[in-house]
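Trainee: Residue numbering for the sequence shown follows our numbering, beginning at 100 and increasing consecutively. Beta carbons: idealized from backbone N, C-alpha and C, even for Gly.
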Amino acid sequence: MQGRKILFGVTGGIAAFKAAQWVRSLVKEEARVTVVMTRAATRFVSELSFAALSGRPVYVEIFSDDPRQVMSHITLAAEADALLIAPATAHTIARLAHGLADDLLTTTVLAAAGKPVVVCPAMNSGMFTHPATQDNLRRLRELGYVVVEPDSGALACGAEGPGRLPEWDVVRETLLSCFAPDDLQNQHILVTAGPTREPIDPARYLSNRSSGKMGYALARTARRRGAQVSLVSGPVALEPPPGVELFRVNTAREMHEQVMRLREQASIIIKAAAVADFRPARSETRKIKKSSGPQAIDLVANVDILAELGRKRRPGQILVGFAAESHDHESEGARKLHDKNLDLIVVNDICGRETGFAADTNQVTLIDKSGRVELPLLSKEQTAERIWDHVVSLLNE
Ligand SMILES: Cc1cc2nc3c(=O)[nH]c(=O)nc-3n(C[C@H](O)[C@H](O)[C@H](O)COP(=O)(O)O)c2cc1C
Numbered sequence: 100m101q102g103r104k105i106l107f108g109v110t111g112g113i114a115a116f117k118a119a120q121w122v123r124s125l126v127k128e129e130a131r132v133t134v135v136m137t138r139a140a141t142r143f144v145s146e147l148s149f150a151a152l153s154g155r156p157v158y159v160e161i162f163s164d165d166p167r168q169v170m171s172h173i174t175l176a177a178e179a180d181a182l183l184i185a186p187a188t189a190h191t192i193a194r195l196a197h198g199l200a201d202d203l204l205t206t207t208v209l210a211a212a213g214k215p216v217v218v219c220p221a222m223n224s225g226m227f228t229h230p231a232t233q234d235n236l237r238r239l240r241e242l243g244y245v246v247v248e249p250d251s252g253a254l255a256c257g258a259e260g261p262g263r264l265p266e267w268d269v270v271r272e273t274l275l276s277c278f279a280p281d282d283l284q285n286q287h288i289l290v291t292a293g294p295t296r297e298p299i300d301p302a303r304y305l306s307n308r309s310s311g312k313m314g315y316a317l318a319r320t321a322r323r324r325g326a327q328v329s330l331v332s333g334p335v336a337l338e339p340p341p342g343v344e345l346f347r348v349n350t351a352r353e354m355h356e357q358v359m360r361l362r363e364q365a366s367i368i369i370k371a372a373a374v375a376d377f378r379p380a381r382s383e384t385r386k387i388k389k390s391s392g393p394q395a396i397d398l399v400a401n402v403d404i405l406a407e408l409g410r411k412r413r414p415g416q417i418l419v420g421f422a423a424e425s426h427d428h429e430s431e432g433a434r435k436l437h438d439k440n441l442d443l444i445v446v447n448d449i450c451g452r453e454t455g456f457a458a459d460t461n462q463v464t465l466i467d468k469s470g471r472v473e474l475p476l477l478s479k480e481q482t483a484e485r486i487w488d489h490v491v492s493l494l495n496e
């Protein structure tokens with residue numbers, strides 16, 4: 100969001116107070132937010148609140164005697180990178196669907212022709228499901244507006260049903276996808292993430308320190324770039340990325356089963372999960388008693404999922420692996436690229452302080468058959484974007 104110029108339209112719905120928090124979140128991410136309110140919106144939240152939160156003037160009236168604001172609808176439209184209307188009332192949706200320009204917000208939206216406009220309807224479910232509103236929303240989509248579906252649940256008016264303003268994370272992703280290239284559109288991507296847990300008894304398991312952050316960043320950014328994404332995830336403490344189909348698994352065997360079920364329909368598979376190489380030969384059905392003394396645990400090897408994908412891959416399918424190494428990074432990476440029949444391997448040093456497991460940053464080397472590229476220390480989301488850039492170049496080859 101950094102440096103993005105967002106024109107934030109607020110209309111007269113009960114959820115207008117939530118828009119205040121969203122403006123704050125955008126400003127925290129260093130976006131430049133300019134708020135335009137409808138007159139009705141000012142009955143719900145004051146202009147002062149939005150001015151304080153955005154750190155910028157708030158606009159309401161279309162007619163002004165101030166020569167600097169006499170053409171606000173044109174200047175505001177010209178300087179915006181994207182427009183977000185949240186909450187969007189039934190009334191404003193109807194006006195936009197018919198191209199009305201009877202206040203500053205609707206006039207500015209018309210003047211911003213060609214720029215992304217994200218509309219977040221929020222209203223009582225009767226108003227939302229009314230055929231007039233549904234027709235208007237269909238028309239907005241035809242006109243190229245991005246409409247974010249409202250959530251269902253308890254509404255401020257006491258009713259239950261569709262019409263709640265969605266969570267910020269969903270709207271933020273929608274806004275970010277307006278700025279992202281859609282170079283992964285028409286791709287079905289299978290991402291794996293997180294650790295696996297190999298049970299010893301009902302209370303204990305063997306696992307590893309993978310947080311899932313890298314895999315989730317890959318899934319999130321691929322979705323932003325237009326892909327259909329299936330994410331097979333081991334147990335992690337992360338929110339599922341919006342718009343991604345999530346399959347939760349625990350053990351390496353469950354991961355293997357789920358991946359094999361999904362592999363054929365995927366055009367790109369990227370295996371960021373840290374799957375346990377070994378599992379206890381037997382998992383006790385009853386908790387092992389402390390009094391039974393220290394025990395040796397016999398281990399057996401799990402299936403190498405990546406190697407199996409490499410053997411079974413269909414022509415044209417792109418296969419990307421991760422290698423978490425503590426030493427001999429590049430020779431190990433190059434060996435796995437070849438042995439496992441991969442297009443690309445992402446090698447990361449799990450011993451660095453700012454890289455590898457649990458960290459929010461990563462520093463990886465990408466190795467493919469034509470050579471290696473060392474990326475700088477980046478956030479995991481930036482690293483994911485660079486990996487996708489590389490995958491897109493492989494697709495274009
Ligand atoms: C207390 C109250 C809450 C309202 N909440 C909503 C709402 O959540 N969604 C909506 O579409 N209209 C809501 N309305 C109706 C709008 O405020 C009304 O249609 C208004 O004309 C919208 O104007 P605007 O679209 O220019 O902001 C509410 C009205 C009142 C009095």
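1) Using only the alpha-carbon positions, how far apart do Gly262 and Leu405 sit?
2) With a threshold of 8 Å, establish whether the CB of Ile161 neighbours any heavy atom of ligand 1.
3) At which residues does the alpha helix (DSSP H) containing Pro230 begin and terminate?
4) If you drop the 5 nearest sequence neighbours on each side, which residues of the same chain put their C-beta closer than 8 Å to that of Met354?
5) With respect to 8 Å, is the separation between the Cβ of Asp202 and the closest non-hydrogen atom of ligand 1 below this value?
6) Please report the distance separating the alpha-carbon of Ala139 from that of Thr206.
7) Quick one: Cα of Leu418 to Cα of Leu317, how far?
8) Evaluate Gly415 with the Cβ neighbour count: other Cβ atoms within 10 Å of its Cβ, from every protein chain shown; 16 or more gives buried, anything less gives exposed.
9) When you compare the CB positions of Val358 and Leu289, do they come within less than 9 Å of one another, or not?
10) Identify whether Ser492 lies in helix, strand or coil by the three-state DSSP scheme.
11) Could you tell me if the beta carbon of Val191 falls within a distance shorter than 8 Å of some heavy atom in ligand 1?
12) Starting from Ile288, follow the beta strand (DSSP E) in both directions and report where the run begins and ends.
13) Cβ-heavy atom distance between Thr110 and ligand 1 below 8 Å?
14) Let me know the alpha helix (DSSP H) ranges lying completely inside the segment 244-291, each 4 residues or longer, listed in chain order.
15) Should Asn223 be counted as a contact of ligand 1 given a C-beta to heavy atom distance under 8 Å?
16) Is DSSP giving Val486 helix, strand or coil here?
17) Please classify Phe162: does DSSP put it in a helix, a strand, or coil?
18) Any heavy atom of ligand 1 within a distance shorter than 8 Å of the CB on Thr174?
19) When we look at the beta-carbon of Leu242 and count the other beta-carbons within 10 Å, is it buried (16 or more) or exposed?
20) May I ask you to report which of helix, strand or coil DSSP gives Lys370?
21) Helix, strand or coil: which one does DSSP assign to Glu297?
22) Can you tell me the Cα-Cα spacing of Val445 and Pro379, whole angstroms?
23) Taking contact to mean at least 3 C-beta pairs separated by less than 8 Å, is the segment 226-242 in contact with the segment 190-199?
24) Between Ala140 and ligand 1, is the CB less than 8 Å from at least one heavy atom?
25) Looking only at its chain, what residues have a beta carbon closer than 6 Å to the beta carbon of Glu344, apart from the 5 residues adjacent to it on each side?
26) Quick check on the burial criterion: 16 or more other C-beta atoms within 10 angstroms. Buried or exposed for Ala423?
27) Using only alpha-carbon positions, find the residue among Tyr315, Gly293, Phe107, Pro301 that is nearest to Leu175.
28) Output needed for Ala118: all residues of its chain with C-beta closer than 6 Å, excluding positions within five of it in sequence on either side, in chain order.
Mentor: In short, the structure shows the following:
1) Walking along the sequence shown from the start, residue 262 turns up at place 163. Walking along the sequence shown from the start, residue 405 turns up at place 306. Looking at the two C-alpha atoms, the distance is approximately 43 Å.
2) Against the sequence shown, residue 161 aligns to sequence position 62. No.
3) Reading the sequence shown from its first residue, position 131 is the one you call residue 230. Where Pro230 is concerned, the enclosing alpha helix (DSSP H) stretches over 230-241.
4) Locating residue 354 in the sequence shown gives position 255, counting from the first residue. Taken in chain order, the residues that qualify are Thr291, Thr295, Val331, Gly333, Val348, Ala372, Val374, Ile404.
5) Taking the first residue of the sequence shown as position 1, residue 202 is located at position 103. Yes; taking the cut-off as 8 Å, the Cβ of Asp202 has a heavy atom of ligand 1 nearer than that.
6) By 1-based counting over the sequence shown, the position of residue 139 is 40. By 1-based counting over the sequence shown, the position of residue 206 is 107. If I take the Cα positions, the gap works out to 16 Å.
7) Along the sequence shown, read from residue 1 onward, the residue named residue 418 stands at position 319. Along the sequence shown, read from residue 1 onward, the residue named residue 317 stands at position 218. Cα-Cα distance, rounded: 14 Å.
8) On the sequence shown, residue 415 is found 316 positions in, with the first residue counted as 1. Its Cβ having fewer than 16 others within 10 Å, Gly415 is exposed.
9) If you number the sequence shown from 1, residue 358 lands on position 259. If you number the sequence shown from 1, residue 289 lands on position 190. Cβ distance < 9 Å, so Val358 and Leu289 count as in contact.
10) Working through the sequence shown from its first residue, we reach residue 492 at position 393. Here Ser492 sits in helix by DSSP.
11) The residue labelled residue 191 in the question sits at position 92 within the sequence shown. In the sequence under discussion, the amino acid at residue 191 is Thr, which differs from the Val named in the question. Yes; taking the cut-off as 8 Å, the Cβ of Thr191 has a heavy atom of ligand 1 nearer than that.
12) For the purposes of this step, residue 288 is taken as residue 189 along the sequence shown, with counting starting at 1. Segment 287-292, the beta strand (DSSP E) holding Ile288.
13) As a position in the sequence shown, residue 110 is number 11, starting the count at 1. Because some heavy atom of ligand 1 lies under 8 Å away, the Cβ of Thr110 counts as near it: yes.
14) 267-278
15) Counting from one through the sequence shown, the residue named residue 223 turns up at place 124. Yes, ligand 1 has a heavy atom inside 8 Å of this Cβ.
16) If you number the sequence shown from 1, residue 486 lands on position 387. The question names Val, yet the displayed sequence has Ile at residue 486. Residue state, collapsed to three classes: helix.
17) In the sequence shown, counting from the first residue as 1, residue 162 sits at position 63. Phe162: coil per DSSP, three-state reduction.
18) Within the sequence shown, the letter at position 75 stands for residue 174. Result no, Cβ not under 8 Å from ligand 1.
19) By one-based count along the sequence shown, residue 242 stands at place 143. It counts as exposed.
20) Translated into positions along the sequence shown, residue 370 becomes position 271. Strand at Lys370.
21) By 1-based counting over the sequence shown, the position of residue 297 is 198. Note: Glu297 maps to strand in three-state DSSP.
22) The residue you call residue 445 lines up with position 346 of the sequence shown. The residue you call residue 379 lines up with position 280 of the sequence shown. Between Val445 and Pro379, the C-alpha separation is close to 29 Å.
23) yes
24) Numbered from 1 along the sequence shown, position 41 holds the residue referred to as residue 140. Checking the Cβ of Ala140 against ligand 1 gives yes.
25) Your numbering for residue 344 matches position 245 in the sequence shown. So the qualifying residues of the chain are Ser329.
26) Stepping through the sequence shown from its first residue, residue 423 is reached at position 324. Counting Cβ neighbours within 10 Å, Ala423 comes out buried, since at least 16 surround it.
27) Counting from one through the sequence shown, the residue named residue 175 turns up at place 76. Measuring from the Cα of Leu175, the nearest candidate turns out to be Phe107.
28) One-based indexing of the sequence shown puts residue 118 at position 19. Around Ala118: Val109, Ala185.
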